[in-house]
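Only one structure is covered here, and it is reproduced in the block below.
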Amino acid sequence: MIYFIGDIHGKFKGLVHWLKQRKITDSKIVQVGDFGLGFTDKVKEINDLQHLNNFLKITGNTMYAIRGNHDDPAYFDGKVAYSNLIFLKDYSILDIEDKTILLVGGAISIDRTTRTEGKDYWKEEVFVFDAEKLDRVLAETRKVDIVVTHNAPSEFWPYDLGKVVRTYAIQDINLIAELAKERDLHSKLLKYVSSKFSPSHWYYGHFHFTNQGEYSGVKYYALGEEEIQEHI
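Quick note, the sequence shown lines up with residues 359 to 590 if you use our numbering.
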């Protein structure tokens with residue numbers, strides 16, 4: 359089975375509890391960013407991740423995570439990996455069961471002006487559209503069935519910024535323009551991948567609410583915080 363899970367923001371013990379509740383075993387689980395890496399004491403974080411990995415191993419699960427805006431990008435350089443808990447580089451390809459999945463992380467924090475760089479905010483957190491990397495990975499696969507990102511194309515929900523964003527934008531004069539640009543870059547990814555393949559599904563998080571719909575033959579799923587969605 360394949361499952362997708364929304365933002366967890368460092369609730370590693372809670373994640374174990376949720377997986378137990380759902381009785382998820384012998385499955386592949388893809389987490390769509392904002393795993394919550396880099397926000398706590400390193401020793402505690404290592405212990406929590408090892409505990410999570412041990413649980414995944416015992417239950418026969420493997421979890422893959424992409425970076426969100428609330429993740430230290432250093433964890434996603436391919437050097438940090440456990441046996442059953444894997445943090446993926448941007449533009450990774452996973453072949454799970456009979457599905458080929460393209461994964462690209464990153465997003466802008468709307469509250470970046472309230473955070474401290476290097477502690478709970480990283481300039482490298484943003485989504486990067488890299489045509490060269492995309493060409494390379496797409497050339498090496500025969501298909502793309504599913505796309506996973508943290509943010510989403512502008513064609514997908516939500517279609518407006520919302521009051522919370524506009525509140526932060528009062529003190530961050532470039533925020534609204536940069537958020538719009540980032541959504542447009544995701545749209546560029548959508549058009550690029552769709553021009554070569556026909557992905558059927560797209561999963562993302564970031565917005566902390568559940569929504570789903572369809573655009574040009576692509577079924578999209580916005581996963582709420584801690585939401586677990588089985589891929590059907």
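All C-beta atoms in this analysis are idealised placements derived from N, C-alpha and C, irrespective of residue type, glycine included.
With a threshold of 16 other beta carbon atoms within 10 Å, T398 falls short and is exposed.
For secondary structure counted as the alpha helix (DSSP H) over 4 or more consecutive residues, the region 442-516 holds these complete runs in sequence order: 489-497.
Judged by DSSP secondary structure, Q389 falls within the beta strand (DSSP E) whose first and last residues are 386-389. In this structure, S512 keeps its C-beta atom at 7 Å or more from the C-beta atom of R470. Shown here, I404 sits in a helix according to DSSP, grouped into three states. Nearest neighbour of G571 by Cα position, chosen from V523, E583, A510, G520, turns out to be A510. In the DSSP assignment, Y526 falls within the unbroken alpha helix (DSSP H) covering 521-527. Rounded to the nearest whole angstrom, the C-alpha separation of K549 and V401 is 42 Å. For F370, the enclosing alpha helix (DSSP H) stretches over residues 370-380. A direct Cα-to-Cα measurement between I424 and E498 gives close to 20 Å. Spatial neighbours of E475 in its own chain (CB-CB distance under 7 Å, excluding positions within 5 residues in sequence) are listed in chain order as K481.
Counting only runs that start and end inside the region 541-571, the beta strand (DSSP E) elements of at least 3 residues fall at 559-562. When the Cα atoms are used, S450 and Y562 turn out to be separated by approximately 15 Å.
In this structure, N405 keeps its C-beta atom at 7 Å or more from the C-beta atom of N442. Using a 10 angstroms sphere on the CB of S574, the tally of other CB atoms stays under 16, which defines it as exposed.
Out of D456, T417, Q389, K415, the CA that lies nearest to the CA of D429 is found in Q389. Judged by DSSP in its simplified three-state form, F362 adopts strand. Its chain contains D448, Y449 as the residues whose beta carbon lies nearer than 8 Å to that of K491, once the 5 sequence neighbours on both sides are disregarded; these appear in chain order.
Its chain contains N411 as the residues whose beta carbon lies nearer than 6 Å to that of Y440, once the 5 sequence neighbours on both sides are disregarded; these appear in chain order.
Relative to the Cα of L519, the nearest Cα in the group L547, A538, V505 belongs to A538. Partner residues in the beta bridge of E588, as assigned by DSSP, are Y361.
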